[in-house]
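Okay, so here's the structure we're looking at.
Protein chains: 4
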Amino acid sequence: MFQLDLKSRKPIYEQLVVNIKELIISGVLKTDERLPSVRSLSGELTVNPNTIQRAYRELEYQGMIYSIKGKGNFVAPISGQQNVEKLVELKNEIRKVTAEAIFHGLTHSDYDLLYFEAKKVLKGEGSE
Amino acid sequence: MFQLDLKSRKPIYEQLVVNIKELIISGVLKTDERLPSVRSLSGELTVNPNTIQRAYRELEYQGMIYSIKGKGNFVAPISGQQNVEKLVELKNEIRKVTAEAIFHGLTHSDYDLLYFEAKKVLKGEGSE
Amino acid sequence: MFQLDLKSRKPIYEQLVVNIKELIISGVLKTDERLPSVRSLSGELTVNPNTIQRAYRELEYQGMIYSIKGKGNFVAPISGQQNVEKLVELKNEIRKVTAEAIFHGLTHSDYDLLYFEAKKVLKGEGSE
Amino acid sequence: MFQLDLKSRKPIYEQLVVNIKELIISGVLKTDERLPSVRSLSGELTVNPNTIQRAYRELEYQGMIYSIKGKGNFVAPISGQQNVEKLVELKNEIRKVTAEAIFHGLTHSDYDLLYFEAKKVLKGEGSE
DNA sequence: GTGGTCTAGACCACC
DNA sequence: GTGGTCTAGACCACA
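Chains as they are written, first to last, in the UniProt record's numbering: chain B, 1 to 128; chain Z, 1 to 128; chain X, 1 to 128; chain G, 1 to 128.
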């Protein structure tokens with residue numbers, strides 16, 4: 001289900017965060033849908049439960065999921081307020097990476113294409 | 001000359017890498033131009049020389065600069081080969097971040113604007 | 001009748017305690033008035049009966065209600081003794097939170113206003 | 001230095017958060033001052049280092065401290081932006097507790113006094 | 001069974 | 001030396 005690289009410099013919990021976030025924004029995981037339990041995912045990925053929990057906690061801080069004791073972790077509805085802040089952040093990120101890409105030869109049409117490819121992901125047309 | 005945030009979570013050497021890379025792609029530092037010596041930069045930024053060294057080593061590894069023993073560190077010319085690999089990498093990055101941004105409300109025209117803003121940076125019209 | 005947030009981090013039984021306590025101190029539930037039975041409330045809120053039971057037990061422990069086997073749970077009269085202890089506790093709480101609020105910019109007049117807003121709640125003029 | 005109740009229902013890390021927050025808002029710990037290292041505090045309190053770290057991480061999330069790898073944890077300057085949100089939250093808290101306190105016999109002059117007692121704490125006149 | 005906390009002890013990254 | 005991550009395994013609180 002997930003692609004973890006245990007050798008990577010990136011912490012495992014962070015990789016999990018990214019992976020799960022992608023599943024949420026791509027619509028694979030719908031609002032209020034239940035995520036795998038800490039223990040089950042731990043077993044499935046052969047990763048320590050604490051590490052899974054750390055990832056879930058991080059996602060909770062970011063407002064992507066909410067957690068109920070004794071029940072499980074669930075995909076949070078998106079608030080709209082957060083979006084404004086997030087968008088500013090993400091646009092800065094895009095601007096920065098794009099500048100570097102242009103330096104390495106990115107053309108405007110290349111760039112334009114990327115938007116639609118990204119959009120496809122959201123509709124779940126690019127299953128992975 | 002550099003904007004270092006000692007309080008940031010990001011390692012200082014990494015901030016240096018990003019800063020210098022920006023100076024190179026924005027054309028402030030030209031090909032074969034000499035970078036400040038480790039010692040002088042260390043003094044100027046009141047940062048441990050090892051940290052500067054580490055940043056230069058990283059930039060060398062990424063092919064952005066080359067170093068000549070006893071002479072100093074210089075901006076590397078960009079080879080076409082690097083570009084191809086880098087571009088693929090960067091395009092993936094853009095696609096990913098863009099997907100998240102669309103999820104948070106990015107429109108196509110917003111996106112389109114970002115390209116030209118990024119381009120400005122390269123021409124050195126944008127101060128930062 | 002109650003505002004339960006199943007998604008909240010707070011245990012449901014604790015939310016129930018707070019809710020019922022508010023109803024009592026705001027005068028909606030009068031002394032010796034009977035609370036809804038565990039079973040009926042459980043059905044109404046679609047919450048596990050154990051959870052309701054737990055809340056009632058907690059309220060009993062705090063001296064807010066008393067329970068008669070086979071009859072039900074009832075709002076307790078307040079004894080002067082309890083008040084003294086409780087007041088000390090609550091004043092400490094207020095002092096603590098107020099210190100933090102001043103740190104974050106609370107003014108004296110802001111503070112003064114809060115007293116009257118709180119008083120309104122007790123008279124039942126405040127809807128919540 | 002800290003008052004920890006290992007038997008309490010409250011998690012140790014949370015008690016630490018509260019304790020340290022008090023030290024910061026009371027001015028005992030000044031902006032950019034260094035907190036005890038994770039290991040030293042761990043030894044001093046005979047609490048696991050992970051638990052200390054958890055507390056520090058929580059404080060970081062709340063914007064009260066910042067942490068630099070290899071250097072230590074430091075008291076963060078207050079931003080002012082956060083304050084608005086925090087204040088609303090804290091005022092709600094005060095309103096709620098005050099209502100309960102009035103129910104248990106709090107008078108307006110009692111209440112008024114608390115403000116100045118809280119203010120003293122901030123000036124560090126109340127050492128503990 | 002679920003999430004949450006805690007310990008003990010190891011290893012890595014940074015400065 | 002500092003913070004940060006991870007594991008293994010235990011225990012508690014909630015529903």
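Idealized CB from N, CA, C, for every residue including glycine.
Keep in mind it's a predicted model, so treat the numbers as computed, not measured.
Residue nearest to Asn48 of chain X within the set X:Ile102, X:Leu6, X:Lys119, X:Leu113 is X:Leu6 (criterion: CA-CA distance). Three or more beta-carbon pairs separated by less than 8 Å are not found between the segment 88-99 of chain G and the segment 70-89 of chain X, which leaves the two stretches without contact. Listed along chain X is no residue with a C-beta nearer than 8 Å to that of Phe74 of chain G; the closest approach is about 18 Å. For Ile68 of chain G, the beta-bridge partners assigned by DSSP are G:Gly72. Its chain contains Pro49, Ile52 as the residues whose beta carbon lies nearer than 6 Å to that of Ser42 of chain X, once the 5 sequence neighbours on both sides are disregarded; these appear in chain order. Inclusion of Leu114 of chain G and Ile94 of chain X in the CB contact set at 8 Å is warranted, their separation being smaller than that value.
Beyond the five residues adjoining it in sequence on each side, Ser67 of chain B comes within less than 7 Å, by CB distance, of Tyr56, Glu60, Asn73 in the same chain, given in chain order.
Look at Leu6 of chain Z: its C-beta is under 8 Å from a C-beta on chain G.
Between the alpha carbons of Ile24 of chain B and Leu87 of chain Z lies a distance of about 27 Å. Taking a beta-carbon distance threshold of 8 Å, Tyr66 of chain G counts as an interface residue toward chain Z. The beta carbon of Ile20 of chain X does not come within 8 Å of any beta carbon belonging to chain G, so the residue lies off that interface. Residue contact with chain G for Pro11 of chain Z: present (Cβ-Cβ distance below 8 Å to some residue of chain G). Residue pairing from DSSP places Arg34 of chain B in a beta bridge opposite B:Phe74. Leaving aside the five residues that flank Val17 of chain B on each side, the residues in its chain whose CB is nearer than 7 Å to its CB run, in chain order, Ala55, Glu58, Leu59.
Listed along chain Z, the residues sitting closer than 9 Å to Lys69 of chain G by beta-carbon distance are Arg9, Pro11. Contact of Val121 of chain X with chain G is assigned, a C-beta pair being separated by under 8 Å.
Taking 8 Å as the cut-off, the Cβ atoms of Ile12 of chain X and Leu35 of chain X do not count as close. Apart from sequence neighbours up to five positions away, the residues of its chain that approach Ser37 of chain Z with a beta-carbon distance below 7 Å are Gly72, ordered along the chain. Using beta-carbon distances, Val97 of chain G counts as an interface residue toward chain X, with a partner under 8 Å. Against chain B, the beta carbon of Phe2 of chain Z has no neighbour under 9 Å; the closest one sits roughly 16 Å away. When only Cα atoms are considered, Ser79 of chain B and His104 of chain X end up about 26 Å apart. Take the alpha-carbon of Leu45 of chain X and the one of Leu90 of chain G: they are about 29 Å apart.
Straight-line measurement puts the Cα of Glu14 of chain G at about 35 Å from the Cα of Gly27 of chain B. Chain-order list of chain Z residues neighbouring Tyr111 of chain B: Ile94, Tyr115, by C-beta distance under 8 Å. In this chain, the alpha helix (DSSP H) harbouring Gln15 of chain Z covers 12-25. With 16 or more other Cβ atoms inside 10 Å of its own Cβ, Glu22 of chain X counts as buried. By the beta-carbon neighbour count (other beta carbons within 10 angstroms, threshold 16), Val84 of chain G is exposed. Distance check between Thr107 of chain X and each of G:Lys119, G:Thr107, G:Leu106, G:His108 places G:Lys119 closest, using alpha-carbon atoms only. Judged by DSSP in its simplified three-state form, Val28 of chain B adopts coil rather than helix or strand. Neighbours of Leu106 of chain Z in chain B, taken as residues at a C-beta separation under 8 Å, are given in chain order as Leu87, Leu90, Lys91. Proximity of chain B to Ala101 of chain Z at the Cβ level (cut-off 7 Å) is accounted for by Leu87, Leu90, Lys91, Ile94, in chain order. For Asn50 of chain G, the enclosing alpha helix (DSSP H) stretches over residues 49-61.
In the structure shown, Asp5 of chain B falls within a coil segment according to DSSP collapsed to helix, strand and coil.
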